[in-house]
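Working notes, beginning with the structure itself.
Number of protein chains: 2
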Amino acid sequence: MSSSVRPASSEFLSRLTAIVGADNAIADPAEQAPYLSEWRDLYMGRTPLIVKPASTEEVSQVLALANAEGVGVVPQGGNTGLVGGQIPRETGNDIVLSLKRMRRIRDIDPAGTSMTVEAGLTLGEVQEAARKAGRLFPLGLASEGSATIGGNLATNAGGHQVLAYGATRSLVYGIEAVLADGSVWDGLRALKKDNTGYDLRDLFIGSEGTLGVITAATLKLFPEPDERTTAFVALPSVDALLPFFQLAERRAGATLTAFEFMCDLIVSFVVRHIPGTRRPLADDAPWFVLIELSGAEGSTSALMERLLGEASQAGLVTDAVVAQSLTQAEALWKIREAASEAQKGEGGSIKHDISVPIARVPELLVKGGEAVQRVCPGARSVPFGHFGDGNVHYNISQPPGMARADYLALWDAMAHAVHDVTVSLGGSISAEHGIGRLKVAELARVKSPVEIELMRRVKTALDPKGILNPGKLLAP
Amino acid sequence: MSSSVRPASSEFLSRLTAIVGADNAIADPAEQAPYLSEWRDLYMGRTPLIVKPASTEEVSQVLALANAEGVGVVPQGGNTGLVGGQIPRETGNDIVLSLKRMRRIRDIDPAGTSMTVEAGLTLGEVQEAARKAGRLFPLGLASEGSATIGGNLATNAGGHQVLAYGATRSLVYGIEAVLADGSVWDGLRALKKDNTGYDLRDLFIGSEGTLGVITAATLKLFPEPDERTTAFVALPSVDALLPFFQLAERRAGATLTAFEFMCDLIVSFVVRHIPGTRRPLADDAPWFVLIELSGAEGSTSALMERLLGEASQAGLVTDAVVAQSLTQAEALWKIREAASEAQKGEGGSIKHDISVPIARVPELLVKGGEAVQRVCPGARSVPFGHFGDGNVHYNISQPPGMARADYLALWDAMAHAVHDVTVSLGGSISAEHGIGRLKVAELARVKSPVEIELMRRVKTALDPKGILNPGKLLAP
Chain A
0 MSSSVRPASS
10 EFLSRLTAIV
20 GADNAIADPA
30 EQAPYLSEWR
40 DLYMGRTPLI
50 VKPASTEEVS
60 QVLALANAEG
70 VGVVPQGGNT
80 GLVGGQIPRE
90 TGNDIVLSLK
100 RMRRIRDIDP
110 AGTSMTVEAG
120 LTLGEVQEAA
130 RKAGRLFPLG
140 LASEGSATIG
150 GNLATNAGGH
160 QVLAYGATRS
170 LVYGIEAVLA
180 DGSVWDGLRA
190 LKKDNTGYDL
200 RDLFIGSEGT
210 LGVITAATLK
220 LFPEPDERTT
230 AFVALPSVDA
240 LLPFFQLAER
250 RAGATLTAFE
260 FMCDLIVSFV
270 VRHIPGTRRP
280 LADDAPWFVL
290 IELSGAEGST
300 SALMERLLGE
310 ASQAGLVTDA
320 VVAQSLTQAE
330 ALWKIREAAS
340 EAQKGEGGSI
350 KHDISVPIAR
360 VPELLVKGGE
370 AVQRVCPGAR
380 SVPFGHFGDG
390 NVHYNISQPP
400 GMARADYLAL
410 WDAMAHAVHD
420 VTVSLGGSIS
430 AEHGIGRLKV
440 AELARVKSPV
450 EIELMRRVKT
460 ALDPKGILNP
470 GKLLAP
Chain B
0 MSSSVRPASS
10 EFLSRLTAIV
20 GADNAIADPA
30 EQAPYLSEWR
40 DLYMGRTPLI
50 VKPASTEEVS
60 QVLALANAEG
70 VGVVPQGGNT
80 GLVGGQIPRE
90 TGNDIVLSLK
100 RMRRIRDIDP
110 AGTSMTVEAG
120 LTLGEVQEAA
130 RKAGRLFPLG
140 LASEGSATIG
150 GNLATNAGGH
160 QVLAYGATRS
170 LVYGIEAVLA
180 DGSVWDGLRA
190 LKKDNTGYDL
200 RDLFIGSEGT
210 LGVITAATLK
220 LFPEPDERTT
230 AFVALPSVDA
240 LLPFFQLAER
250 RAGATLTAFE
260 FMCDLIVSFV
270 VRHIPGTRRP
280 LADDAPWFVL
290 IELSGAEGST
300 SALMERLLGE
310 ASQAGLVTDA
320 VVAQSLTQAE
330 ALWKIREAAS
340 EAQKGEGGSI
350 KHDISVPIAR
360 VPELLVKGGE
370 AVQRVCPGAR
380 SVPFGHFGDG
390 NVHYNISQPP
400 GMARADYLAL
410 WDAMAHAVHD
420 VTVSLGGSIS
430 AEHGIGRLKV
440 AELARVKSPV
450 EIELMRRVKT
460 ALDPKGILNP
470 GKLLAP
């Protein structure tokens, strides 16, 4: 598909510049730099021009022109993606379409059930707007200060509230998207139920900018829970994870809003490298869980006490601390949220964002650890993540003393090994980060030919010239 | 698209018969009859052959052959659809593919998180299998004894538990579908999170058999709540509906599992025509709500008492009865569930399945009533439905004494009037029943050309010869 994508002519670049205005078209390499690399330093792209349209109409004009010329377009939000989907290819032929100037809150429903926002607002700004309206937009990510809601939609972002509220897909009533030829699909609706034809909304969400550019969305808002109770819990073994989760689910039902797990070693990394953190419990344990209940006033702390008491009696929990204040709760969350950053202090790390059916997480942890040792003896597996979603960030820090570059050269071999275990357990090689560039080859390796062919047909139907985010998600 | 669809040759019919076996190929008109009409008697189809494959492999062979011949195929489950999607056209050229022999429960996850079932099981059987495994499959419909899970998936069925658990789409991890050319897409996964490419699952769900034939699904199972508390509540005016719902949502959060509303007249119809029913409250009121809370043991009845007390003090509720036993709860539900059937006793009825943003339901009820009177003075609007989903079954019984046929001749004019009000409020002309044949023209009338074109492109990409359920959902 992308074979037809061509380099940009200087006349084309001038016309693009005229659409968005000279101040919003960046050709200078120094100014371009922050848009062309990402925080893991895995990719460094090149582009003749970054354009920053201010409206859906300008996005439409940019795409119509690019489509007519057959030039590739890479949509970009806050540039926080972890798989390189937002970075243009090194060919330097693709233009970058930054949505960061589309920042309007178009509407908040008077009853507080929905809010229509443009793609370039950060997730943090969206959360804040909901809060000011007395409501909750529950999507939450470590990168929420920079990540845009448009990027969250394009990647179907996950985060730590998925257990109770679902991923981004579940938090959206409708979207507005500009198609490859510049036509605008107004799918902005605020309907809980709508069975009028194909589910186009969910086709665009998670398509990583390869089927259309999402310019706005009508988001679901929720009542803010009266209170939250957070606990940090020690477990005696990997085998206690599933029964403890199931007990929590049975007792707490929909008030169970987080069930995050960490191995002991990642907690050690956090305490060692992240200032202001300390171990919440006195003794070591092989596994820890951060559990949160949210609900009506006066309901969650008593429920937490009962749950932990029952779990302790059943031998599923060896120690626990319940936060007595918001500050204490934040300190517990900090340990979980700093896990990825803490790895930087331990040298190179190879990371996987995988999921399996929840009952198979313990098996994944055991078999994954064995596979890692076969690829690199001494490498340190530090799995953590969203147990309640079956989503494991299967990260692996290098053996102490090994050269960083030598370790990172094992990335593909390690990914194969971990993904093979994942697939053998019925799992996914990308639970929440997407495919981008990082996993294009792995996707082609693990998916059935029928599924790849289906995706290709959809891609060709919606973007016949292959101009949208070329080289991402589907192999050319 | 469907212009290329051809009549079936006798050789083709013989080969189809050979695939499924002579006992499972129905050519006799008398035997065919139950498959060719539906319970509202709106459509009476014709077909040369009904085939009943027993396996995905047989479905694959049937479709490969039909695609090669260019013959239309109409998938059918329990034949309970309300928009004619499951009935072949009167041309008599399309074959019917009944999924009712595909009845295996393929797998129940040992941790009880998922269950993989074939398309031909009834929803009631699926619910029962979940119950036997100590879990809950929450989809619930009046027609659950006959409707198949495959039909529920093809139409993204709604029902009365959507408020807490979502429509069918939300209750499915993955599906298996046979494509137009007979290739089989194995999308059966049991993953809460999976961001590996386009959301093909949700493209097939709700596509009413026009993109592929769903043969199996991996369903989400939930913990059965310890208890439910059900109440039947009288409201003083249409303006009390929204604030009462919002109060319930705020106080009960995720334990609010049903919020169904009925106008006074439909309650009268039920009590008059459905044996064994009686008014739950002594006095009349303009509106009634059936409210249900589900949760941990001992939590819901106290919460209901507090909620009703607060609502009463705020003047939102004038009377209420709380069920003291399962039998009493069932009697309250019976009134709601018999609403549609009760209309039969009042002559002809014209029905609409519409939704609007929840804050606009009261406006819909007022403006809808006015529009109805303009089309047919004296017609009796009896709206009821899933208030918490913004989903109104805007049904209208004929004026007393009018000839039934004269009234039903107004169907299109009435539908235009009600749908115009709905669309003006940002609503949908099919909240949960789909498009089928009944609303093909209305869909083309109310959707944007961009959206229709997008759907057409997807249809052509996946079913290039247009053999799948021709004439349904999209106008030829």
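Here the protein sequences come in this chain order: A and B.
Note that the first sequence ends on residue 475 in numbering that gives the first Met the number 0; no numbers are left out.
Note that the second sequence ends on residue 475 in numbering that gives the first Met the number 0; no numbers are left out.
Every residue gets a Cβ at the ideal spot worked out from N, C-alpha and C, and that includes glycine.
Computed from a predicted structure; not experimentally measured.
- If you check each beta-carbon in the segment 342-371 of chain B against every beta-carbon of chain A, the ones closer than 9 Å belong to ASP352, SER354, VAL355, PRO356, ILE357, ALA358 and ARG359.
- In this structure ILE94/B touches LEU15/B by the C-beta definition: roughly 7 Å separates them, less than 8 Å.
- Within the segment 353-381 of chain B, the complete alpha helix (DSSP H) runs of at least 4 residues fall at 360-374.
- Comparing alpha carbon positions, the residue from THR254/A, GLU89/A and SER236/A closest to CYS262/A is SER236/A.
- The DSSP assignment places complete alpha helix (DSSP H) segments of no fewer than 4 residues inside the segment 143-168 of chain B at 148-154 and 161-164, in order along the chain.
- Distance from the CA of VAL355/B to the CA of ARG305/B, rounded to the nearest whole angstrom, comes to 29 Å.
- Pairwise C-beta distances place the segment 61-69 of chain B out of contact with the segment 27-45 of chain B, as fewer than three of them are shorter than 8 Å.
- Residue-level contact by beta carbon fails for MET303/A and chain B, as no gap is shorter than 8 Å.
- For HIS385/B, there is no enclosing alpha helix (DSSP H); the residue is found in the beta strand (DSSP E) stretching over 383-385.
- With a cutoff of 8 Å on beta-carbon distance, GLN397/B and GLY433/B are scored as not near each other.
- Residue-level contact by beta carbon fails for HIS159/A and chain B, as no gap is shorter than 8 Å.
- Going by DSSP, HIS272/B is part of the alpha helix (DSSP H) stretching over 263-272.
- With respect to TYR164/B, ARG188/B sits apart: the two C-beta atoms are not nearer than 8 Å.
- According to the DSSP assignment, THR421/A belongs to the alpha helix (DSSP H) that extends over 410-423.
- Judged by DSSP secondary structure, GLN312/B falls within the alpha helix (DSSP H) whose first and last residues are 299-312.
- The C-beta of GLU431/B comes closer than 8 Å to at least one C-beta of chain A.
- Interface annotation, VAL237/A: not in contact with chain B, CB-CB separation never under 8 Å.
- Interface annotation, LYS191/A: in contact with chain B, CB-CB separation under 8 Å.
- Taking a beta-carbon distance threshold of 8 Å, PRO224/A counts as an interface residue toward chain B.
- Under the 8 Å Cβ criterion, the segment 201-221 of chain B counts as touching the segment 460-469 of chain B, having at least three qualifying pairs.
- Contacts with chain A at 8 Å (Cβ-Cβ) do not include ASN394/B.
- Contact of GLN397/B with chain A by beta-carbon distance below 9 Å is absent, the smallest such distance being about 27 Å.
- The residue among ALA17/A, SER447/A and LEU81/A with its C-alpha nearest the C-alpha of HIS392/A is LEU81/A.
- Here TRP38/A carries a coil assignment [DSSP, helix/strand/coil].
- Rounded to the nearest whole angstrom, the C-alpha separation of VAL270/A and SER142/B is 57 Å.
- Around the beta-carbon of ARG359/B, 16 or more other beta-carbon atoms lie within 10 Å, marking it buried.
- In this structure, VAL19/B and GLU57/B form a Cβ contact; the two beta carbons are roughly 6 Å apart against a cut-off of 8 Å.
- For PHE136/A, the secondary structure class from DSSP, reduced to helix, strand or coil, is coil.
- At a cut-off of 8 Å between beta carbons, ILE86/A makes no contact with chain B.
- Annotation for ALA474/A: VAL439 and ALA443 place their beta carbon closer than 6 Å to its own, counting only its chain and skipping 5 residues before and after.
- Taking the Cβ atoms as the reference, VAL381/A lies roughly 4 Å from ILE265/A, within the contact range of under 8 Å.
- By the CB criterion at 8 Å, LEU241/B and PRO376/B fall outside the cutoff.
- Per DSSP, GLY426/A lies in no beta strand (DSSP E) segment and is marked neither H nor E.
- In the structure shown, the three-state DSSP call for GLY208/A is coil.
- In the DSSP assignment, GLY186/B falls within the unbroken beta strand (DSSP E) covering 183-186.
- In the DSSP assignment, the residues bridged to PRO74/A are LEU96/A.
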